[in-house]
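K.L.:
Protein chains in written order, with this note's numbering: chain A, 1 to 581; chain B, 582 to 1162; chain C, 1163 to 1444; chain D, 1445 to 1726. Backbone N, C-alpha and C fix where the C-beta goes; we use that ideal spot for every residue, glycine too.
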Ligand SMILES: Cc1ncc(C[n+]2csc(CCOP(=O)(O)OP(=O)(O)O)c2C)c(N)n1
Ligand SMILES: Cc1ncc(C[n+]2csc(CCOP(=O)(O)OP(=O)(O)O)c2C)c(N)n1
Ligand code: SF4
Ligand code: SF4
Ligand SMILES: [Mg+2]
Ligand SMILES: [Mg+2]
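Spelled out as structure tokens, the structure:
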């Protein structure tokens, strides 16, 4: 086992679907953030609307936190099941740790076996709540404020969050604040504070989820139209955009299906606005035909692909990085797809904005791939309103003579006219065509035209590669062992590496956020290392296959496919074992 | 240049769409076959119903022929354009050779530049035809029989084919036979025979196209239901099955779209008949979601995927092997797909039958991938009615106690009950489930159940690999250079290798018809060769990527992406260059 | 004698308490029991959505497939084995958004399937977005400013498509619901039943109360009168009719296909190819 | 002054001589000219099929996309720039098989698109399979024993979907056809025009003669009378009505969306995020 830091708190709230677990967790996360602590959350839930098992974890620290963390300091549990599960040393929650700290719960829960590492803090949650309202969810507020009291969080900070959450002014907000106060005071009066002390601060932090960050990044990137059909875990982005449509001057439409959604977005981009669509694996499968069409017509298109655990409906509320093969293989024939995989919440915003630029400049489909873990957890972020310059790509002047929509160029990029432009009328065709857009397959196929056009389109790949930023690494300079990760596993991989470095194992990471095309500099980075290890949250190692195919390197593969993401200690152990293999 | 064999004839008929080029070509091919000659045809046409350019080639020989061949002995052209194009030494028809032999055409065509290697044989085709009917297509018959006369084909054989083609008895058939006779005699009377003599024989040969062979193979394999939406080049199979539905006791349905077609086939297989669906790249894209569903429910499913030139609508009447990435990546998550790629027309039949067995035994999607070249050209075949044993896989007995649909087994295969069976009622679910089929993601996800089920399904891969027949090779034993081919390029690759062997280049081939999972014996086969060369009819080398990823081998890639398939001389040159690189 | 117990599955439904899906489950079991259809000959094909979880909770052959693809699968099942009683079951999103196309064409083909839609006027499973039957102004996660798209009328749609049995029922009236489902199963051909089914968690507008105040039982004078059926199908507002609106006899697809007509396809022997069959290719 | 010449493309149509698509091309150009709509503001979105090749043959902005996906693309175009005149154009296979779902929902949304279907009752480009409008008994490559599936009635379907303009025209009557297309373009909202268009190569049943014998011009007494429109739409046989069957005024989707209503989306400035916008996340 690895030792976790002292200067941080891991908080968890557990219950059943319908118990308000997620919203309780968010209140706590926001309270941490307003106390100047960095925070990362973790959302564990099931494909059920009421009942079952669900929990939400928040890790907070005055130092940056990179993942949900190991260990568990404070558990708030809304039912007996949660108390039993999370205090069990043989916990079976996909890698999460059991409690070694305090448990806050209603005093009516009495039927449990005492665990050695747990300090039990039964409280009259329902009784207190009952004084203010009949709503059973009010007891959550009481429990949360008790948790806040246990680590010395300023009551006013918590009260502020609670007030806002319940609509600021009005009876409900007041009831919640009053009940919270009583819970806070009760804990202080009856129990000692929890053993860890945290350094609070006045640091300004935004708390935002990965899906929302994608939506926000798109707005920064000039998005004007979002068309989609709801699907978990892509919906957090849809809901964010729909609820901010007026504010951000966006057209948002839920269409009859995914096929329609992507074709609408293509129509929007064709006609000159920035449009985007999004879905998860099964819905994206239905979009694949149109991906090739966008590439053939050379229409910009950003597709948000939020992965969940497959195959098929699979585990719809669980995470996986299992859609890479599908995205790589989307649609028949050869054409350029550009695939981004943000590695954290902030990057979900920045890379989405960048994707919109890249799509419009290269006139080809660009994917922003996340996984459920990234889409549905929140992180604190410092500079959310990042600087960004919109680049709308090459556009011809109105009335330009002898306009060729698909002009053969060295870069492969041709100036793109949009409807409404004077004198640039032309046809965009999913059949193979010549520079004017006229079909070459109808009467007489000129193989030379076909070859030229195919090569023109494919040339965009090299043009794009030439401008790729260097691949980022972590503690890699002197590393004998290199761990490849892509997308959301960055934080946990870095932490695992830090843990291993403490044991003097020379290991570093290659952190991929631009998945395809592959950056040729990877070839140099992997040279003369003792071992290349690839970490993926899927069964077969989909990125691993790409890497091997391109760089012909032997690798060790670490996978996880139970629906949960990696936890740092668990991963460090796996990496250590892979090194020993 | 390479020298072509003397003991064979390459015949070509050229014209515009609507001129009856294809049917003329087929008459000639059938006539060759009935003369005991092996034949291979090549169909070059455009995405247009009338006009444009089109031609059809037949190569025939008393020795087996493996592809459409180089060289051109006899050209029948139905218009001036065809005469100019096919006699031009700088011919630009995707690799096809120009004429070095005789050209038969109507005497009204006079506006052409004489080419050195061509003997011009103008004939009063229309005048002769006009005596018997006003139908302008009748002149094709006259021209064909002149061609037959030029190489000494028995008139009665040709007359038999013509008669059958035009409905046996009746005025039209008679007119055609009479006109043919006059054309035959006219040629003999006015021109010397063509310089090559062929050994005719009484050998019994079937002439069948690749798409039809897939359909026929499916019938041999026990097919009962075919549901599809028309798409070139998958339609030749649909048309064959639809027109033989009563004969072969098949249910054939054209559905509203491809999504419906595949889901109907899944429903059919689920309920206990052998059902299949088919499409080309763009239509298959729409089917991908259901592919993962079939894998998750473990329902047998054969999908016929007929590739054409992409991306998107692309060159809809041109060939390409560009859908492998799409098939490999079809649907989210990891699961077992089995991919077959028949290498010739006979194998299109045998492998499709085998696919139906494999799908039902392994309860997973199995693909029969062909390309337009294979689907739309014909070959002579000796033993079409091949021996085949149907194996319907593991099935539980009615009323079996405690039936587990997804029983965990060493092979990964669980006995499959179908509706109507007594006492075996169960639920099949696209959500992750346990052995009974009960969902594990609803209330409480047990990660252990998930992992077990994932591994059970994936275990089928190894079970299948264990029974794979050895990978086939061609002149590979002493080869220093190995050429990999998959699917329809077998014939042309073999011929190219023969040509190179004549130059004492030690080259052989690996001939892949079972594309995925990859046979581990490939690792042994490629060991200590000087060079591995991969030949593909696509831009990026899709199989090449798989091969490199799996066996980490350096390769040289030969591609062609102008919409035509390889020609032997052209390919031999490319291989020679690749060896030199 | 088949009893309701024969249809009791071992998995307990995990819908929210009081969800409209419960009474549909009971009604389906009741109707099958009354009709003495054996569990082994019953196939329930569903899509994806809260409602679509139903096959797990009933002892029969269950197929829980993809969102929107109930009817193609159900058609395949029926064509493979026309002896089976095939029930298609799914949500309004499933049937009137993602699966609109299949609903239309399957109805037109008159395949002998009973298609029951649990119409809660919302996306339940994905936690509350507007559905194709959500009313104008309806506020949801996907329409925070209120829905601006006119709702689908599933009944006129079914009629226009050519369904030979069209009915509406209400989850709050289980007896009537059972009767309608029974009639739907008995109907030879495609039967469509739109069940108004409150989603107690996400749809705070179309509640049990909402419907109790509005529904009334419609008795058609002439079930074959298309215009009357169309007219009554258009009624929605203060009064909402439930009942069978339309039923005609018409040839089923299975009766028209020359191969199907020879009996359930599963019972046809595998065709053994004779050399003569191939003479056409010589 | 815009003249027909302004719409003449440089690529010659490659349809079979006498194909019904020719007169539609002429009619579309004629209608646009009469309405003085500029080529630069005209977008023609098509699917895949013989008919769908049309955008290449007209000087305007052309989008030749995917089989069945005319209307989602056209909707996206319209929503991006509502100043454009957007025409959707495709075959019967395109619109009533592969694209059924989009036809239904786009009509319901009342997006301001003129949707013209070249209805030749066959799959032309794929060389002659039965289409959704092929008649019972029709022999084709996909139905060698005769079609057994009832044809779609595109007009009643359009009506049931909620189209606000529904018409039928005939390629053999170019003047009337031009007039109808003109009216369709003028109509504010979704207009649907089903054009009976002989495929001279593959459909030997529904020929020019077939229609010349049967078509007659229908003049609606009251274009707003839905029942009358439904009834006339059902007429098919010895007499086949052509003309406008239905037209009502109703709010377009573009008028209802709170963002769209501010003017063409392309003219909206890119939103520049202010720090205050993010206070909700603190
Ligand atoms: C192809 C696809 N798109 C989207 C989803 C996500 N999804 C699951 S259920 C559902 C809608 C549920 O609504 P409805 O069909 O009305 O069923 P209900 O839950 O209301 O019973 C959606 C959009 C999916 N599973 N598959
Ligand atoms: C997804 C998809 N499925 C199938 C096809 C093949 N395909 C091309 S055109 C066509 C049908 C043509 O019929 P219709 O739409 O009526 O147009 P027409 O040629 O008669 O004008 C089909 C099935 C395709 N291109 N894409
Ligand atoms: S969310 Fe609505 S539809 Fe789903 S189970 Fe709960 S009440 Fe029923
Ligand atoms: S095949 Fe038919 S629809 Fe196509 S161009 Fe020819 S006549 Fe027109
Ligand atoms: Mg619903
Ligand atoms: Mg058509």
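Report yes if the C-beta of residue 1582/D is less than 7 Å from at least one heavy atom of ligand 4; otherwise report no.
P.N.:
Working through the fourth chain from its first residue, we reach residue 1582/D at position 138. Not under cutoff, so the answer is no.
K.L.:
In whole angstroms, give me the CA-to-CA distance for residue 1671/D and residue 878/B.
P.N.:
To locate residue 1671/D, count along the fourth chain from 1; it is residue 227. To locate residue 878/B, count along the second chain from 1; it is residue 297. Using only the alpha carbons, I get a separation of about 47 Å.
K.L.:
Counting contacts by CB-CB distance shorter than 8 Å, is residue 1567/D in contact with chain B?
P.N.:
Locating residue 1567/D in the fourth chain gives position 123, where the first residue counts as 1. Yes, because at least one Cβ of chain B sits closer than 8 Å to the Cβ of residue 1567/D.
K.L.:
Classify residue 379/A as helix, strand or coil using the three-state DSSP reduction.
P.N.:
For this step, residue 379/A is matched to residue 379 along the first chain. Strand.
K.L.:
Which of the three DSSP states is assigned to residue 916/B in this structure?
P.N.:
Start at 1 with the first residue of the second chain, and residue 916/B comes out as number 335. Residue 916/B: coil per DSSP, three-state reduction.
K.L.:
Is it true that the CB of residue 1491/D sits closer than 8 Å to the CB of residue 1612/D?
P.N.:
Counting from one through the fourth chain, the residue named residue 1612/D turns up at place 168. Counting from one through the fourth chain, the residue named residue 1491/D turns up at place 47. For residue 1612/D and residue 1491/D, no; Cβs fall outside 8 Å.
K.L.:
Following the continuous alpha helix (DSSP H) through residue 1371/C, name the residue where it begins and the one where it ends.
P.N.:
As a position in the third chain, residue 1371/C is number 209, starting the count at 1. That run of the alpha helix (DSSP H) goes 1370-1376.
K.L.:
Looking at chain D, is there any beta carbon in it that lies within less than 8 Å of the beta carbon of residue 1329/C?
P.N.:
Along the third chain, read from residue 1 onward, the residue named residue 1329/C stands at position 167. No, its Cβ sits nowhere closer than 8 Å to a Cβ of chain D.
K.L.:
According to DSSP, simplified to helix, strand and coil, what is residue 421/A?
P.N.:
By 1-based counting over the first chain, the position of residue 421/A is 421. The answer is coil: DSSP assigns residue 421/A none of H, G, I, E or B.
K.L.:
Do you know offhand how far residue 595/A's Cα is from residue 59/A's?
P.N.:
Outside the displayed range of chain A (1 to 581) lies residue 595/A, so it cannot be described from this structure.
K.L.:
Chain A beta carbons: is any one of them nearer than 8 Å to that of residue 1545/D?
P.N.:
Numbered from its first residue, the fourth chain carries residue 1545/D at position 101. Yes, residue 1545/D lies at the interface with chain A (some Cβ there is under 8 Å from its Cβ).
K.L.:
For ligand 1, is there any heavy atom lying closer than 7 Å to the beta carbon of residue 990/B?
P.N.:
Working through the second chain from its first residue, we reach residue 990/B at position 409. No - ligand 1 has no heavy atom lying nearer than 7 Å to the Cβ of residue 990/B.
K.L.:
Which whole-angstrom value describes the C-beta separation of residue 87/A and residue 99/A, a residue pair presumed to lie in contact below a C-beta threshold of 8 Å?
P.N.:
Taking the first residue of the first chain as 1, we reach residue 87/A at position 87. Taking the first residue of the first chain as 1, we reach residue 99/A at position 99. Confirmed, Cβ separation roughly 5 Å.
K.L.:
May I ask you to report which of helix, strand or coil DSSP gives residue 556/A?
P.N.:
Counting from 1 along the first chain, the entry for residue 556/A is found at position 556. Of the three classes helix, strand and coil, the one that applies to residue 556/A here is strand, per DSSP.
K.L.:
8 Å is my cut-off, CB to CB: does residue 15/A come that close to chain B?
P.N.:
Position 15 of the first chain, counting from 1, holds the residue named residue 15/A. No, its Cβ sits nowhere closer than 8 Å to a Cβ of chain B.
K.L.:
Which residues have a Cβ closer than 6 Å to any heavy atom of ligand 5, listed in chain order?
P.N.:
For ligand 5, the selected residues are 1211/C, 1253/C, 1254/C, 1255/C, 1282/C, 1284/C, 1285/C, 1286/C, 1293/C.
K.L.:
Note down, one range per segment and in chain order, each alpha helix (DSSP H) of at least 4 residues found wholly within the segment 1018-1080 of chain B.
P.N.:
List check, alpha helix (DSSP H) in window: 1028-1047.
K.L.:
Buried or exposed: which applies to residue 697/B, given that a residue is buried once 16 or more other Cβ atoms fall within 10 Å of its Cβ?
P.N.:
On the second chain, residue 697/B is found 116 positions in, with the first residue counted as 1. Answer is exposed; the Cβ neighbour count stays below 16.
K.L.:
Give me the Cα-Cα distance between residue 705/B and residue 685/B, rounded to the nearest whole angstrom.
P.N.:
Taking the second chain and counting its residues from 1, one reaches residue 705/B at position 124. Taking the second chain and counting its residues from 1, one reaches residue 685/B at position 104. Whole-angstrom Cα-Cα distance: 10 Å.
K.L.:
Taking 7 Å as the cut-off, is the beta-carbon of residue 1016/B closer than that to any non-hydrogen atom of ligand 2?
P.N.:
Counting from one through the second chain, the residue named residue 1016/B turns up at place 435. No - ligand 2 has no heavy atom lying nearer than 7 Å to the Cβ of residue 1016/B.
K.L.:
In the segment 1416-1428 of chain C, which residues sit with their C-beta less than 7 Å from some C-beta in chain B, listed in chain order?
P.N.:
Of all residues in the segment 1416-1428 of chain C, 1419, 1420, 1421, 1422, 1427, 1428 have a Cβ within less than 7 Å of some Cβ in chain B.
K.L.:
In the DSSP assignment, find the beta strand (DSSP E) that holds residue 1612/D and state where it starts and stops.
P.N.:
As a position in the fourth chain, residue 1612/D is number 168, starting the count at 1. Looking at the DSSP string, the run of the beta strand (DSSP E) that includes residue 1612/D is 1609-1614.
K.L.:
Straight-line CA distance for residue 425/A to residue 1505/D?
P.N.:
In the first chain, counting from the first residue as 1, residue 425/A sits at position 425. In the fourth chain, counting from the first residue as 1, residue 1505/D sits at position 61. Roughly 5 Å between the two C-alpha positions.
K.L.:
What is the rounded straight-line gap between the Cα of residue 1717/D and the Cα of residue 219/A?
P.N.:
The count along the fourth chain starts at 1 and reaches residue 1717/D at position 273. The count along the first chain starts at 1 and reaches residue 219/A at position 219. The alpha-carbon atoms of residue 1717/D and residue 219/A are separated by roughly 8 Å.
K.L.:
Quick check: is the beta carbon of residue 1577/D nearer than 8 Å to any beta carbon in chain C?
P.N.:
Here residue 1577/D refers to the residue found at position 133 of the fourth chain. Not one chain C Cβ lies under 8 Å of residue 1577/D.
K.L.:
Which whole runs of the alpha helix (DSSP H) in the segment 1195-1238 of chain C are 4 residues long or more, in chain order?
P.N.:
Counting whole runs of 4 or more residues, the segment 1195-1238 of chain C contains no alpha helix (DSSP H) stretch at all.
K.L.:
With a floor of 3 residues, list each beta strand (DSSP E) that falls wholly inside the segment 674-710 of chain B, ordered by position along the chain.
P.N.:
Runs found: 683-687, 700-704.
K.L.:
DSSP three-state call for residue 401/A: helix, strand or coil?
P.N.:
The residue you call residue 401/A lines up with position 401 of the first chain. Coil, per DSSP.
K.L.:
Please work out which residues of its chain come closer than 8 Å, Cβ to Cβ, to residue 1579/D, disregarding the five sequence neighbours upstream and downstream, and give them in chain order.
P.N.:
Within the fourth chain, numbered from 1, the residue matching residue 1579/D stands at position 135. Closer than 8 Å at the Cβ level, and outside the excluded window around residue 1579/D, lie 1565, 1591, 1595, 1649, 1650.
K.L.:
Go ahead and pull the three-state DSSP assignment for residue 1687/D.
P.N.:
Looking up residue 1687/D in the fourth chain gives position 243. If DSSP states are grouped into helix, strand and coil, residue 1687/D belongs with the strands.
K.L.:
According to DSSP, simplified to helix, strand and coil, what is residue 843/B?
P.N.:
What you label residue 843/B is simply residue 262 of the second chain in a count that begins at 1. Of the three classes helix, strand and coil, the one that applies to residue 843/B here is helix, per DSSP.
K.L.:
With residue 144/A as the anchor, note down where its alpha helix (DSSP H) starts and where it stops.
P.N.:
Here residue 144/A is taken as the residue at index 144 of the first chain, counted from 1. Run containing residue 144/A: 138-150, per the alpha helix (DSSP H) assignment.
K.L.:
Does residue 1307/C come within less than 8 Å of chain A when only Cβ atoms are used?
P.N.:
What you label residue 1307/C is simply residue 145 of the third chain in a count that begins at 1. Yes, contact with chain A.
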